[in-house]
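The structure under discussion appears below in the form of structure tokens.
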Amino acid sequence: MKSTTALLFASTLLLASPVFAEAPNVVVSIKPVHSLVASIMQGVGEPSLIVEGGASPHTYTMKPSNAAALQAAKVVFWVGPGLEAFLDKPLDTLGTGAQVVELGEAPGLAKLKFREGGAFEGHDHGEEGHGEEAGHEGHEGHGDAHAGEADGAEHADKHDHHDHAEGEFDMHMWLDPMNAKDMATEIEKTLAAADPANAAAYKANLEKFNARIDALDKSLAETVAAVKDKPFVVFHDAYQYFENRYQMRVAGSITVSPEVLPGAERLSEIRAKIKELGATCVFAEPQFEPKLVSVVIEGTPAKSGMLDPEAGTLEAGPDLYFQMMENIGDSLKECLSSAS
641 MKSTTALLFA STLLLASPVF AEAPNVVVSI KPVHSLVASI MQGVGEPSLI VEGGASPHTY
701 TMKPSNAAAL QAAKVVFWVG PGLEAFLDKP LDTLGTGAQV VELGEAPGLA KLKFREGGAF
761 EGHDHGEEGH GEEAGHEGHE GHGDAHAGEA DGAEHADKHD HHDHAEGEFD MHMWLDPMNA
821 KDMATEIEKT LAAADPANAA AYKANLEKFN ARIDALDKSL AETVAAVKDK PFVVFHDAYQ
881 YFENRYQMRV AGSITVSPEV LPGAERLSEI RAKIKELGAT CVFAEPQFEP KLVSVVIEGT
941 PAKSGMLDPE AGTLEAGPDL YFQMMENIGD SLKECLSSAS
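Taking the numbering used here, the leading residue of the sequence shown gets 641, the next gets one more, and so forth.
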């Protein structure tokens, strides 16, 4: 009798205890986006990451564990085929049971077209219209205006993850903190719909995230203010969202597509451009061959630095995005302020 009473008492306690809804199985392509998703999911669950460690989406090859993660996913977040081309077909074949969210099509995003000609190599995508001057949609320069939401929404409605022209826009959109806000808003909206039981937590996390972004944006503007007029060269043209937001002066890139290494002629062109414009720094990236930067700055007064736009050297998690952006600002300031 005593054991029966104890069992009934234990059952009553279990029924009275709060039952927390289990988070959906969420998979994310790259570290910067994973950090945004992890920020919105804090306290609820942890998203899985495909491109781990120091790997780059430009050169990544799918692993069996990645395929298994996609098959089990309820929601998949990626930027789009213009960045994670390796994911395009697997999402069609393995991610059929998941909601696939292309954050490069999030409403409100400021979109910048690829730069071409001169110090920026042309993009050979086999499409027309790529010789136009770089343009943008969405946020304007360094101001607080955050326009373009209607245009972004219309763009998102018209296209799905495999039904739009690739290659028109630079896909490193997260390097503008205001774009990170737009991505986080789309992430919160998606998760709240997929997991209504935790919608309140996602909303609260978005509010905290946006407050951190506003503080980060102000801090970055202060960090680079004194060096924003000094010209510099980057390894590949991945930073124009950062440059546009903080009105910095880039002189060119060594290559546009990091998976295709530049030839001797291209390196000579960049070296000449460094001398012509007086570029003070040339920035390498940890995922790619740093010797190229040494070759480019040889015989010039330029110094070398390091930028990591995909956070390959940082530990994945909700704080990664903020650390990555601070590191970019600090690296630019350190090299450009020390150069003559």
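A virtual CB, placed ideally from N, CA and C, is assigned to each residue, including glycine.
Exercise for the section: Could you round the C-beta distance between Val-890 and Gly-969 to whole angstroms and report it? I think they count as a contact, below 8 Å. Expected result: On the sequence shown, position 250 is the one that residue 890 refers to. On the sequence shown, position 329 is the one that residue 969 refers to. Not a contact, Cβ separation roughly 15 Å.
Handout entry: Helix, strand or coil at Ile-853 [DSSP, three-state]
Key = On the sequence shown, position 213 is the one that residue 853 refers to. Ile-853: helix per DSSP, three-state reduction.
Exercise for the section: Return helix, strand or coil for Glu-916, following the three-state DSSP convention. Expected result: In the sequence shown, residue 916 corresponds to position 276, counting from 1. Correct three-state label for Glu-916: helix.
Problem - Per DSSP, cross-strand counterpart(s) of Gln-880 - result: On the sequence shown, position 240 is the one that residue 880 refers to. Answer is none; Gln-880 lacks a bridge partner.
Exercise for the section: Measure from the alpha carbon of Glu-826 to the alpha carbon of each residue in His-812, Asp-854, Val-740, then state which is nearest. Expected result: Along the sequence shown, read from residue 1 onward, the residue named residue 826 stands at position 186. Nearest to Glu-826 by alpha-carbon distance, out of His-812, Asp-854, Val-740, is Val-740.
Problem - Counterpart residues of Gln-739 in DSSP-defined beta bridges - result: Indexing the sequence shown from 1 puts residue 739 at position 99. Looking at the DSSP output, Gln-739 shares a beta bridge with Val-715.
Practice task
Using the DSSP secondary-structure output, state which residues sit across from Ala-824 in a beta bridge.
Solution key: As a working mapping, residue 824 is identified with position 184 in the sequence shown. DSSP links Ala-824 through a beta bridge to no other residue.
Exercise for the section: Throw me the rounded Cβ distance for the Gly-673 and Val-719 pair, which I believe falls under 8 Å. Expected result: Translated into positions along the sequence shown, residue 673 becomes position 33. Translated into positions along the sequence shown, residue 719 becomes position 79. This sequence places Val at residue 673; Gly is not what is there. Yes, Val-673 and Val-719 are in contact; Cβ-Cβ is about 6 Å, under 8 Å.
Problem - Start and end residues, alpha helix (DSSP H) containing Ile-670 - result: Walking along the sequence shown from the start, residue 670 turns up at place 30. Premise fails: Ile-670 is in no alpha helix (DSSP H) and is neither H nor E.
Problem - CB of His-876 within 8 Å of CB of Ile-853, strictly - result: What you label residue 876 is simply residue 236 of the sequence shown in a count that begins at 1. What you label residue 853 is simply residue 213 of the sequence shown in a count that begins at 1. No, these two residues do not count as a Cβ contact at 8 Å.
Practice task
For Val-677, name the three-state secondary structure that DSSP assigns.
Solution key: Counting from one through the sequence shown, the residue named residue 677 turns up at place 37. Look at Val-677 here: in three-state DSSP terms it is helix.
Practice task
Give a yes or no on whether the C-beta atoms belonging to His-879 and Leu-815 are separated by under 8 Å.
Solution key: Sequence index remark: in the sequence shown, residue 879 carries index 239 (1-based). Sequence index remark: in the sequence shown, residue 815 carries index 175 (1-based). A quick correction: the sequence has Tyr, not His, at residue 879. Using a Cβ distance threshold of 8 Å, Tyr-879 and Leu-815 count as a contacting pair.
Handout entry: Buried or exposed by the 16-neighbour rule on C-beta atoms within 10 Å, applied to Tyr-961
Key = Taking the first residue of the sequence shown as position 1, residue 961 is located at position 321. Buried, since its Cβ has 16 or more Cβ neighbours within 10 Å.
Practice task
Would you decide whether Val-677 is buried or exposed? Buried here means 16 or more other CB atoms lie within 10 Å of its CB.
Solution key: Along the sequence shown, one-based indexing puts residue 677 at 37. Buried, because 16 or more other Cβ atoms sit within 10 Å of the Cβ of Val-677.
Practice task
To the nearest angstrom, report how far apart Ala-738 and Ala-832 are at their CA atoms.
Solution key: Numbered from 1 along the sequence shown, position 98 holds the residue referred to as residue 738. Numbered from 1 along the sequence shown, position 192 holds the residue referred to as residue 832. So the two alpha carbons sit approximately 15 Å from each other.
Exercise for the section: State the CB to CB distance for the pair Ala-626 and Met-818, rounded to an integer number of angstroms; the pair is presumed to be in contact (CB under 8 Å). Expected result: In the structure displayed, the chain extends from 641 to 980; residue 626 sits before or after that span and is not available.
Handout entry: Euclidean distance between Cα positions of Thr-699 and Ile-937
Key = Within the sequence shown, numbered from 1, the residue matching residue 699 stands at position 59. Within the sequence shown, numbered from 1, the residue matching residue 937 stands at position 297. In a straight line, the C-alpha of Thr-699 is about 25 Å away from that of Ile-937.
Practice task
Per DSSP, which residues does Thr-895 bridge with? Please list them.
Solution key: Stepping through the sequence shown from its first residue, residue 895 is reached at position 255. Among the bridge pairs identified by DSSP, Thr-895 is matched with His-876.
Exercise for the section: From the DSSP output, in three-state form, read off Val-864 for me. Expected result: Here the question's residue 864 lines up with position 224 in the sequence shown. Note: Val-864 maps to helix in three-state DSSP.
Exercise for the section: Tell me where the beta strand (DSSP E) around Val-684 begins and ends. Expected result: As a working note, residue 684 is residue 44 in the sequence shown. Here Val-684 belongs to no beta strand (DSSP E), and DSSP marks it neither H nor E.
Practice task
Just confirm the distance between the C-beta atoms of Ala-956 and Leu-689, as a whole number of angstroms; I'd bet it's less than 8 Å.
Solution key: For the purposes of this step, residue 956 is taken as the residue at position 316 of the sequence shown. For the purposes of this step, residue 689 is taken as the residue at position 49 of the sequence shown. About 5 Å; that satisfies the 8 Å criterion.
Exercise for the section: Might you give, ordered along the chain, the residues of its own chain that have their beta carbon closer than 6 Å to the beta carbon of Gly-945, omitting 5 neighbours on each side? Expected result: For this step, residue 945 is matched to residue 305 along the sequence shown. In the same chain as Gly-945, and ignoring 5 residues on each side of it, the C-beta atoms closer than 6 Å to its own belong to Cys-921, Phe-923, Ser-971, Cys-975, in chain order.
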